[in-house]
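> Note that the protein sequences, when read in sequence, are chains H and B. Using our numbering, you'd call the opening residue of the first sequence number 62 and step up by one each time. Using our numbering, you'd call the opening residue of the second sequence number 62 and step up by one each time. C-beta: ideal position from N, C-alpha, C; glycine also. None of these values were measured; they are calculated from a predicted model. Here you go, one structure.
Protein chains: 2
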Amino acid sequence: MTNLDLHDISRAARTYGIRSFYVVTPLEDQKELVDKIVSHWVSGAGSTYNPKRREALSLIRVKSSFEDVLAEVADHEGMHPKTVVTSAKMREGVMPFHMLRTMMMENGMPLVLVFGTAWGLTEDFIEAADYVLEPLSGGTDYNHLPVRSAAAVILDRLVGRE
Amino acid sequence: MTNLDLHDISRAARTYGIRSFYVVTPLEDQKELVDKIVSHWVSGAGSTYNPKRREALSLIRVKSSFEDVLAEVADHEGMHPKTVVTSAKMREGVMPFHMLRTMMMENGMPLVLVFGTAWGLTEDFIEAADYVLEPLSGGTDYNHLPVRSAAAVILDRLVGRE
């Protein structure tokens, strides 16, 4: 996670009414760095300078593992969330956007949408998810959107619509 | 324009099959800076290191004025383009996304989509445009997406769709 990913993805999360934006890393120094950035904008000097950033960055939670995320969401929501992995790679059995959108509107289950960074997600992790979302396509052969742009577009397709 | 806006918006433009990404600034040092970044990735050291960035950044053209952009597009396309301004502010008579999308599919006119940066676009400029696109909404009261995210979402709504 770069500083910019934190800013841009939290602003997209806030725009689309997402409840929390979890950053998962087992590395202590990474966790401290994220905490430092978040607290600068949420309770430190940045919070009065730019309240709009405060609103967005206050959605960020830092966790050591994905299991910790699922446990916290289950605790907050009173039921286990479904997990949906995003991936730029086409694979068999992916879920189309419109299907996930309909599912979300119809059953209101808590849902954890997972984005990988440059290192990507392992195959084991992807296979363990409840669903894999179809890869984003812009109708060309190019699929190299930065994760911060992909996150905004995917949220727009799932929960924001004119 | 920040370095990152150049990278992210050009990647979105390439993803959605946009022909050119014009950066407009009358400031010589800004123009030189953009040219320097672009040529690093398009013909310099970055071009072999990361060909995907090369593909995206090669869409960037730097111009001193919006009139220069319109003149070049008219020259390339053989007809004057329509201009569509994007804005985060709601105003009367804005064009809904679906209407612009339909118009684009039906008449195939060249179209220049305009994004402002932090300084925004002047009211005179907005009034002179052929159309003003409806503001992006994520269904909440928060409309502070960074321009690089807004550009990706707007292109997705206009030309990329599952």
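Suppose contacts are defined by Cβ-Cβ distances below 9 Å. Is residue 205(B) in contact with residue 218(H) by that definition?
Taking 9 Å as the Cβ cut-off, residue 205(B) and residue 218(H) do not qualify as a contacting pair.
> At which residue ranges does the stretch 96 to 122 of chain B contain complete alpha helix (DSSP H) runs of 4 or more residues, listed in the order of the chain?
The qualifying runs are 106 to 110, 112 to 118.
> State yes or no: is the beta carbon of residue 172(H) nearer than 9 Å to at least one beta carbon in chain B?
No, residue 172(H) lies away from the interface with chain B (no Cβ there is under 9 Å from its Cβ).
> Output, in chain order, the set of chain H residues within a Cβ distance shorter than 9 Å of residue 205(B).
Going along chain H in sequence order, the residues near residue 205(B) (Cβ under 9 Å) are 72, 75, 76, 113, 114, 116, 117.
> Name the DSSP bridge partner or partners of residue 82(B)?
121(B).
> Using 8 Å for Cβ pairs, my map puts residue 161(B) next to residue 145(B). What's the rounded Cβ distance?
Yes, residue 161(B) and residue 145(B) are in contact; Cβ-Cβ is about 7 Å, under 8 Å.
> To the nearest angstrom, report how far apart residue 195(H) and residue 213(H) are at their CA atoms.
So the two alpha carbons sit approximately 15 Å from each other.
> Can you give, in chain order, each stretch of the alpha helix (DSSP H) that sits fully within the stretch 132 to 195 of chain H and has at least 4 residues?
Runs of the alpha helix (DSSP H) inside the stretch 132 to 195 of chain H: 158 to 168, 184 to 189.
> Counting Cβ pairs, one atom from each stretch, are 3 or more of them under 8 Å apart for the stretch 141 to 156 of chain B and the stretch 102 to 118 of chain B?
These segments do not touch.
> Between the C-alpha atoms of residue 140(B) and residue 70(H), what's the straight-line distance to the nearest angstrom?
About 39 Å.
> In the structure shown, what three-state DSSP assignment does residue 129(H) receive?
Note: residue 129(H) maps to helix in three-state DSSP.
> For residue 67(H), count neighbouring C-beta atoms within 10 Å of its own C-beta (all shown protein chains included) and say buried if the count is 16 or more, exposed if not.
Classification of residue 67(H): buried, given that the 10 Å Cβ count is 16 or more.
> If we ignore side chains and look at the alpha-carbon of each, how far apart do residue 221(H) and residue 126(H) end up?
Taking the straight line from one Cα to the other gives about 29 Å.
> Provide the residue span of the alpha helix (DSSP H) that contains residue 202(B), from first to last.
Run containing residue 202(B): none; DSSP gives neither H nor E here.
> Who are the neighbours of residue 67(B) on chain H, taking C-beta pairs under 8 Å?
Ordered by position in chain H, no residue passes the 8 Å Cβ test against residue 67(B), which lies about 12 Å from the chain.
> Could you give the first and the last residue of the continuous alpha helix (DSSP H) run that contains residue 76(B)?
64 to 76 is the extent of the alpha helix (DSSP H) around residue 76(B).
> Out of 118(H), 88(H), 169(H), point me to the one whose CA is closest to residue 98(H)'s CA.
The option with the nearest alpha carbon to residue 98(H) is 118(H).
> Is the beta carbon of residue 225(H) less than 9 Å from the beta carbon of residue 84(H)?
Residue 225(H) lies beyond the range of chain H shown here (62 to 223); nothing can be said about it.
> Please list, in chain order, the residues of the stretch 184 to 210 of chain B that have any C-beta partner in chain H closer than 9 Å.
So the list reads 195, 197, 198, 199, 200, 201, 203, 204, 205, 206, 207, 209, 210, given in the order they occur along the chain.
> Is there a Cβ of chain B sitting closer than 9 Å to that of residue 214(H), yes or no?
Yes, residue 214(H) counts as interfacial toward chain B.
> Nearest-angstrom Cα distance between residue 197(B) and residue 63(B)?
Residue 197(B) and residue 63(B): Cα-Cα distance of roughly 22 Å.
> Mapping the DSSP letters down to three states, classify residue 88(B) as helix, strand or coil.
Reduced to three states, the DSSP call for residue 88(B) is coil.
> CB residue 193(H) to CB residue 155(H), shorter than 9 Å?
Yes, the Cβ-Cβ distance between residue 193(H) and residue 155(H) is below 9 Å.
> Flag residue 152(H) as yes if its beta-carbon sits less than 9 Å from any beta-carbon of chain B, otherwise no.
Residue 152(H) does not count as touching chain B.
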